[in-house]
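Structure first, then comments.
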């Protein structure tokens, strides 16, 4: 594409946050995010760097996805880069730009915040299968990874609260395998000391699954016990402790908020398309959200013409009035079969 083609395409884009993709045929060569899609894409009409200039010259089209917020754009960008591995994207290809939360696949899994997840976890995220944990008992999945997240401080607060509530270990394998008595984490209530059999494996794995459920969206798994503890502290007139618990509760309840803080959970192996229709006169737009293994990986808009004829008419054999539900159904039928 030359500068004129980029400017012409940019003028077609909305002034909204979102993600844009430079494409060479069917190949995505670059993915970026923007607060204002039109202004950001227009800036590529006169690229300053040699690498970006080569990318623009190689591309023959520009696609885009609108998001509600800049944070959602940032997270969608991360997912798309990991999915397509565009040639001209340097950052984010290896998951190292944003923190993730990992539950390991040990007999007694560890919880950790990481930017470099276990390679097996990446396989899991692409549709790997569960494995049976060592030592029998309940099966433990291959390493599970949740994220990416944009607010590391909030993630750290939530992980600490989860450990205080469920006692999941955070120690290294070396420390875990060489203990003959519980460590300091046990004494301060961060761990239930599975290393010295202070807790049985079945109970420990059940606690790990509760932690996983939190990252899959069940906020109450952590919010409910925190709220009870806060109310008890207030009743006991431990006001400083109650205030600290209130701050933790605020962080927990906002974790899965509207900003898209956690964009995915790898516990869901499904591939899902969600379709919506907007009607305006005789024209329509179909919006498609595409999710793979729990990750939102694409948001698309497709302009359509509302079909004419029997399939878009009312129930009276074509003589009755067409309502919006009927017209929307006709548009979806045409979109699915095209």
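In the working numbering, the protein residues as written are 1 to 338. Yeah, the Cβ is synthetic: ideal placement off N, Cα and C, and Gly gets one too.
Would you decide whether residue i is buried or exposed? Buried here means 16 or more other CB atoms lie within 10 Å of its CB.
i, result
"residue 305", "exposed"
"residue 14", "exposed"
"residue 105", "buried"
"residue 184", "exposed"
"residue 144", "buried"
"residue 235", "exposed"
"residue 243", "exposed"
"residue 147", "buried"
"residue 79", "buried"
"residue 216", "buried"
"residue 336", "exposed"
"residue 48", "exposed"
Identify whether residue i lies in helix, strand or coil by the three-state DSSP scheme.
i, result
"residue 44", "helix"
"residue 87", "coil"
"residue 165", "helix"
"residue 3", "helix"
"residue 324", "helix"
"residue 254", "coil"
"residue 110", "coil"
"residue 317", "Any answer about residue 317 is weak, because its pLDDT of 45 lies below 50 and its placement is not dependable; what the coordinates show is given next. In this structure, residue 317 counts as coil in the three-state DSSP scheme."
"residue 288", "strand"
"residue 12", "coil"
"residue 156", "helix"
"residue 259", "In this prediction, residue 259 has a pLDDT of 42, which is less than 50 and means its spatial position is unreliable; nothing more can be read from the coordinates."
"residue 271", "strand"
"residue 146", "strand"
"residue 337", "helix"
"residue 177", "helix"
"residue 355", "Absent from the structure is residue 355, since the part of the chain shown begins at 1 and ends at 338."
Given this structure, state the Cα-to-Cα distance separating residue i from residue j, to the nearest angstrom.
i, j, result
"residue 152", "residue 249", "16 Å"
"residue 23", "residue 273", "22 Å"
"residue 169", "residue 252", "20 Å"
"residue 66", "residue 46", "24 Å"
"residue 18", "residue 109", "37 Å"
"residue 76", "residue 212", "22 Å"
"residue 287", "residue 279", "11 Å"
"residue 188", "residue 271", "42 Å"
"residue 9", "residue 3", "10 Å"
"residue 157", "residue 197", "27 Å"
"residue 51", "residue 40", "17 Å"
"residue 239", "residue 100", "33 Å"
"residue 69", "residue 204", "38 Å"
"residue 88", "residue 181", "52 Å"
"residue 176", "residue 191", "12 Å"
"residue 221", "residue 214", "6 Å"
"residue 54", "residue 171", "47 Å"
"residue 302", "residue 85", "24 Å"
"residue 218", "residue 330", "37 Å"
"residue 327", "residue 307", "8 Å"
"residue 12", "residue 276", "21 Å"
"residue 325", "residue 333", "12 Å"
"residue 72", "residue 256", "12 Å"
Just checking: is the beta-carbon of residue i within a distance shorter than 8 Å of some beta-carbon in chain B?
i, result
"residue 325", "Absent from the structure is chain B; it holds one protein chain and no more."
Quiz item: Considering only residues of the stretch 179-250, which uninterrupted alpha helix (DSSP H) runs meet the minimum length of 4 residues and lie entirely inside it, listed in chain order?
Solution: 184-187, 201-215 and 220-235
Self-check item: 4-residue-minimum alpha helix (DSSP H) runs that sit fully inside the stretch 15-80, ordered along the chain
Solution: 37-42 and 50-58
Quiz item: Three or more beta-carbon pairs under 8 Å between the stretch 225-243 and the stretch 204-212, yes or no?
Solution: no
Quiz item: Between the stretch 53-62 and the stretch 27-42, do at least 3 Cβ pairs fall closer than 8 Å?
Solution: yes
Quiz item: Would you say the stretch 153-173 touches the stretch 230-238, given that touching needs at least three Cβ pairs under 8 Å?
Solution: no
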